[in-house]
Each structure stands twice: as C-alpha cells, then as structure tokens.
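Below: one structure, written as structure tokens.
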Amino acid sequence: MAAVTVAPGGSVRRRVSVVREFAGISVRNRLAVLIAGLSVLVTLTDAVAGGRFPFLPSPLAQNLVATLAPPSLSHPMGTDEYGRDILSRVLAGTMISVEVTLVVVILGATLGMLIGVVAGFFGGTTDEVLMRVTDMFLAFPFLILAAAIATAIGRNLTATIIALTVVEWPWYARLARGQVLSLREHEFVLAARSLGASRRRLMFRGILPNVMPVLITQATLDIGYVMLSMAGLSFLGIGAQPPAPEWGSMILDALTYQPQAWWYALFPGLALTITAFGFNLLGDGLRDWFDPTLAGLRGDTGPAGP
Amino acid sequence: MIAVTSQQRGAELLAIENLAVSFAAGQSRVRVIQDVSLRVGPGMRLGIVGESGCGKSVTSLAVMGLLGRGGKVEHGSVVFGGRDLLALPERQLRQVRGREIAMIFQDPMSSLNPVLTIGEQITEAIRAHQRARRHDANARAAQLLQMVGIPAGEAALRRYPHEFSGGMRQRVMIATALALSPKLLIADEPTTALDVTIQAQVLELMGRLVKDAGAALMLVTHNLGVVAGMTERVAVMYAGRIVEEASTPDLFGRPAHPYTVGLLHSLPGVQTRDSDLVPIPGMVPQPGHEPAGCAFAPRCRWRLPRCWTEQPQLEGVEQIAGDQLAAGHRVACHNPVAPEEAGPGFPIRALPFVPPPPGITDFTGQSETAQ
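Going down the list, the protein sequences come from chains A and B. Just so you know, we're using the working numbering here: the first sequence kicks off at 178 and counts up by one. Just so you know, we're using the working numbering here: the second sequence kicks off at 32 and counts up by one.
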C-alpha cells in the first residue's frame, strides 16, 4: 500500500505556507512590493485626506510669489508656474494614475477574458466572429485609437478610462483564447466530461481557473504600460484636464519651461517611471506565486508519497 | 455458461451492435472502427485488447459519446440499460456519464486539473449530479480517498495534483470515477503510465472496488497480462475490428486467431528466454489503407489465398472446430489456428505459399524464402 505523508493539521500548515509564500515574494522582490505598497498607501492617504496630504500644501493651492522655485526645504521638488508644490502634486498624481490604471486593467482583462474564453471554448462561427472583431481592434495603432476614442467621448478621465479599456481588451481576448485552445485538448477536460460535467461547468470550473493565472500576470505586467499610455494621453492634452495633478499633463505643462525648470518635468517623470517599473516587477512575482506547480520550488511543500 | 444464457435473454447492461466510427481526414473520412459488437452483462468484466491504434480507445469513447470534433458514428447502436446512448440528447447523456458509466484514463498526470485541489475535483464529480452541500461532499470525498488507500483524507483533499505521485493520482481518479457508484466502469489503459509495482497495486484496488460496488468493468489495454487476472471475457481488436472474442481462460488456453497467438507469444514471462518470444512481423495498417480482405493478412503465417480478397466474419469457433467446450468463443479468420499450433506459435500443418497481391507489402518473409 502506498504510504502517504500528509502532515497532521493540514489546514494550519496550508495557512502558514500561504503567508510564507507571500513573504517569499516580498523578500525576492522587495523593491516591487515597496513601490506597489507605497503607491497604494499614497492613494489611500490621498483618498482619506480628501486630496490633501498632512504637512504638505494642497496640490491645487497657488502661490504666485514663489513660481518656478527650485527644490528647497519648503518645496522638496520645487514649484510650478503657479507656485504650486510639485511634491504634493506628484503624490496626488499617484492616486489618479493608480486608480485609472487599475480600473482600466481590471475592466479590460475581464472583458477580454470572457470574450476570449467563449471564443476558444465554443469555436466555430462564434470564434470566427469574435476573433475577427478582436483583430479589427488590434489592427489600429494602440495609442492613436485610444486618443481618437477619448477625443470623441470628451476630454476627461472617464473618457480616458473608456478609451483605454477599448484598446486593452483585445490583447486579453487573444491571450485567453490561445490558452483555452491548448487547455481544451488536455486529458483532464475529457476526464471532466466523462464524469458528466456540463459545458458551462467545464468552462467556469475546469478551464477558467487555468486561464486566470496567465491573465492576472499579464494584467499586472500591463499596469505599467497602461499607466504610461494614460500619461501619454494626458501629455497629448486628451486625458486629465488642468488643474488636475496628473503626471502626463504636468510633464506637458513643464515643456514650456525647459530646460531652466528641470525639476518641473523630472519629478513627475521619475514618479511615472518608478511606479511602472515597480508594477512590472510585481507582475513577475505574482506569476510565480499563482503557479501551484512552482510551489515545490519554494521549498515549503514537496511532492508527497512514493 | 450462466452468463452466456442471461446474455442471450437480452439482460445485458451494455450492448454495442455493429458500431462503425469514422474520423475526418482532410476532405475525406476514414473508418477507424467497423462492425464492432460487444456485450457486457451486469457485474461482468470484459477486456478489450489490441495494439496501439486498433480502435480500442475509440470504442470506449464512442460509448461515452465523447468522440470529439471530427469523430462520427457511421452506424450501429450502443444500448445501455435499455436506452440507445447514440440517440440520447447531450443533456441526458450527461446524466449517464459519471453517474452510470464512469471512465478512467491512461495518464493520471494529465487527467487531473492542475489548478484545482484533489478535494475540489472529487466533489466536482459529486456535485455535477447531486445537490450536495459542500460539507457533505467533502466528507464523502475524504471517505472515498480512504477507500482507495489514501489516508489522512481531510488533509489530502487540500492538496494539488502535482503534490501526488502517479500511482496516487490514479487512485484519486478511481475514487472520482466510483464516487457515484456507476454501473459500468471503463478503464482505458489505467496502469500503462505507472511503474510495474504500482500497476499491480492499482489493478488489485480497482478490481476489488469494482467487485464490491457490483459494477461491470470494461478494461481497455494492450497488455494481455493485465487482462488475464482481471477479466472474465476478452475481445481482441485488430485494425478497427474484433478478430476474436472468448472467455478469458478459453482465449489463453486455445487462441484461434493468428493475431491472438502472436500477441500471446509477444508476452514475456519470468521463465521465457529471448528465443521463446515470437514477435509479430510488420505493423498495423494505417486506417483507410487496409487490404481488401483480412487486415492481418500481410503479417499472417496462416493466410490462405482468399484472405486477400474476402473479409472474414466473426463466427463461433465450435462451428469450425466442432468443439462444444468453446461455447461463446468467436473468431474472424478463414484459417483459424489449430489447438496444437497455439503452443509453438507457428503453423505445423502444410500451408500453401500465398504471395501478396501487387502493392501490398508482405511482412512474413515468405516471398523471399520462396524465391
């Protein structure tokens, strides 16, 4: 008889191992977790404080005596042409960027996943129609299509969110469909059907959980990209409108005062770069975490039994 | 004998009648199984044996209605418990799958969903058919794992398939398949992917559980040794047709089809020396490229001239040999192996030299020796 070694009190062990696994990522990707954590913290503080940070001037407060002041103790990142504190504007910009990006990525990934899974699972005409529509969207240059849609709807953040979602979902649809096509041929799908699983059950309980990790990883990797695209739209004057403190539009405004007021463009740009980079690292970490077959490699759960 | 009479009265659980299945190959369709008729009585164990590609698995998938894209039943019927499964709509067929007929697949590595826990997969099978609360389904799943020899059921339920070895995964598959006490279990090469020592354990377990549950078993395998210990009847398939069918002792005691004799002589035992193994020369013909007559003729040392042109029908052996002992023993062969030839594994009668028709390769080596 095959002996099986399952530790007694498995539930406790499992809970501990989840914590240890998560700790595992943070140790390996300290920077990623630090940046992502900070971004979320800043966003939350901002939301709680109603757009104001403790000990900092309001991001909208003008001070016409100190316009375009270089970094100093009272304004660590300097001021802009209206004398607004760039540090508080950069921090407030984190909230806008993180919020818009998360909404776009979640909407786009969910929509794309549903369309892709349905196309891959049902195949035939359904697949053909859905994928040709997807191709139509993919055939347009990403940013130009987003700009066109945002301009058509209206120049504000809601329009930016809609526009970016519309250009985001086709990538997820393609990815999800490809995953489903390969998963569909796996023996466990046949095995599930032989046990009487319905198509709907098979799709949601059999295939979807296998597609999710890949899409979530892709989504996390996409956060940086979407953040940059959003800043790009604002930079083109389509996204956030003045006086909203958005990184892209701050860089646009700063252009006029280059190269004298170097701090004006540098700090929003730096914030954008670091945040996007941090979320990319986080995506790498999450991919490892989501793949249960890598669990053994982390050394906490080895294969059991003979 | 009792089993045979009850079958004749039509009390069988599963009756496959003249089944033919084709698959799409480009623009045309290729027949992969033809004229397959099989009967499985309640609680009976039937083995289906043959080389890879002979249509064993297709037969079992056709019974489940799981041929997939491109596969099509050309004609025939599959009657299970009085209903023709081939005529059932998908919704009702789903009620049969898992609850009345369950299936175990060859590769336990890939037949479990990698991202669901063992517990989720077993309860999934239960909840697909019964309204069971999660708690009750879990308790049942733990009980099933205990039954297949995986202790600490509760904790094992929370594990993922990759944490289990091949043998344990196949035990999980058996537990899942037997979760709803099906009347028929189809096992498609259940132990081929496992180590020999584990094979024996898993087979013993499967045999015992099937017997305890009073279920019938259809065991699909290329391994005659597995069939010998596990089944009461055996059907031998070659190139999509049943070439011989008999009770297990009968088939091993006096095989009548040259292919069966070949299979038996390809089976090494502990006592066999290399020189005792007689390989079957050549290979299985590609589906769609079989000779007009018997598909085994190019590899057969018993062949007659009519074997090239005339498809042999499955006939009772007693009609050919006049032997009452061989009741229920059927063979599709124009020149069945005589009982005294089965031992040595080659013809001892004087048989005429039969050259192959043009375009057909002769694998027996007769053409060369004759020249």
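Quick reminder that beta carbons are idealized off the backbone N, C-alpha and C, glycines included. Computed from a predicted model, the values in this text were never measured in an experiment.
Kindly indicate which three-state DSSP category residue i falls into: helix, strand or coil?
i, result
"I181 (chain B)", "coil"
"F314 (chain A)", "helix"
"L284 (chain A)", "helix"
"M140 (chain B)", "coil"
"L92 (chain B)", "helix"
"W466 (chain A)", "helix"
"M134 (chain B)", "strand"
"A324 (chain A)", "helix"
"A218 (chain B)", "strand"
"R114 (chain B)", "strand"
"V109 (chain B)", "strand"
"E364 (chain A)", "helix"
"R261 (chain A)", "coil"
"V225 (chain A)", "helix"
"T485 (chain A)", "Absent from the model: residue 485 (chain A). The displayed extent of chain A is 178 to 483, so no value can be given."
"V127 (chain B)", "helix"
"V514 (chain A)", "This structure gives no information on residue 514 (chain A), because the portion of chain A shown stretches from 178 to 483."
"E346 (chain B)", "strand"
"V146 (chain B)", "coil"
"R361 (chain B)", "strand"
"P322 (chain B)", "coil"
"R190 (chain B)", "coil"
"W333 (chain B)", "coil"
"T392 (chain B)", "coil"
"I415 (chain A)", "coil"
"V354 (chain A)", "According to the sequence shown, residue 354 (chain A) is Arg rather than Val. If DSSP states are grouped into helix, strand and coil, R354 (chain A) belongs with the helices."
"V368 (chain B)", "coil"
"H166 (chain B)", "helix"
"A246 (chain A)", "coil"
"A180 (chain A)", "Confidence at A180 (chain A) is low in this model, with a pLDDT of 43, below 50, so the placement of that residue is unreliable and no value is reported for it."
"F377 (chain B)", "coil"
"A448 (chain A)", "helix"
"A208 (chain B)", "helix"
Ordered along the chain, which non-local residues of its own chain (more than five positions away) have a Cβ less than 7 angstroms from that of residue i?
i, result
"E276 (chain A)", "T220"
"E392 (chain A)", "Reading off the sequence, residue 392 (chain A) comes out as Leu, not Glu. Contacts found: A286, M290, Y349, L352 and A353."
"Q342 (chain B)", "G324 and C325"
"P299 (chain B)", "L308"
Sorted by chain position, which residues of the same chain lie with C-beta nearer than 8 angstroms to residue i's C-beta, five sequence neighbours on each side aside?
i, result
"P312 (chain B)", "R330, F394, T395 and G396"
"Q402 (chain B)", "Low confidence applies here, because Q402 (chain B) scores a pLDDT of 42, under 50, leaving its location unreliable; read the following figure in that light. Excluding sequence neighbours, Q402 (chain B) sits near nothing in its chain."
"S188 (chain A)", "Here the model assigns S188 (chain A) a pLDDT of 45, short of 50, so the residue's position is not dependable, and the following value carries that caveat. Hits under 8 angstroms: none found."
"G303 (chain A)", "The sequence shown places Thr at residue 303 (chain A), rather than the Gly named in the question. Excluding residues within five positions, the ones whose Cβ falls inside 8 angstroms are V295 and A296."
Whose Cβ in chain B lies nearer than 7 angstroms to the Cβ of residue i?
i, result
"G383 (chain A)", "N144"
Leaving out five residues on either side along the sequence, give the residues of the same chain with a beta carbon under 6 angstroms from the beta carbon of residue i.
i, result
"L449 (chain A)", "A408 and W424"
"V227 (chain B)", "none"
"L382 (chain B)", "none"
"P422 (chain A)", "P236, R266, A269 and G270"
"L241 (chain A)", "G260"
"G78 (chain B)", "L250, V258, T262 and V265"
Under 8 angstroms Cβ-Cβ, which residues of chain B neighbour residue i?
i, result
"N387 (chain A)", "N144, P145 and V146"
Kindly list, in the order they appear in chain A, the residues whose Cβ is closer than 8 angstroms to that of residue i.
i, result
"A11 (chain B)", "A question about residue 11 (chain B) goes unanswered here, because the residues of chain B that appear run from 32 up to 402."
"A159 (chain B)", "L372, G373, A374, S375 and R378"
Residue i versus chain A: which residues are under 7 angstroms apart at the beta carbon?
i, result
"T207 (chain B)", "L372"
"M95 (chain B)", "S371"
"R125 (chain B)", "G373 and S375"
Whose Cβ in chain A lies nearer than 9 angstroms to the Cβ of residue i?
i, result
"A156 (chain B)", "A369, L372, G373 and A374"
Quiz item: According to a CB-to-CB cut-off of less than 9 angstroms, which residues of the segment 349-379 of chain A neighbour chain B?
Solution: H363, E364, F365, V366, L367, A368, A369, R370, S371, L372, G373, A374, S375, R376 and R378
Practice problem: Taking only beta carbons into account, state which residues of the segment 127-144 of chain B come closer than 7 angstroms to chain A, listed in chain order. | Solution: R128, G129, R130, A133, M134, F136, D138, S141, S142, L143 and N144
Quiz item: For the segment 40-105 of chain B, which segments carrying the alpha helix (DSSP H) assignment without a break, of at least 4 residues, lie completely within its bounds, in sequence order?
Solution: 87-95
Exercise. Identify every run of the beta strand (DSSP E) within the segment 232-318 of chain B, keeping only runs that are complete inside it and at least 3 residues long; order them along the chain.
Key: 247-252, 264-269 and 272-278
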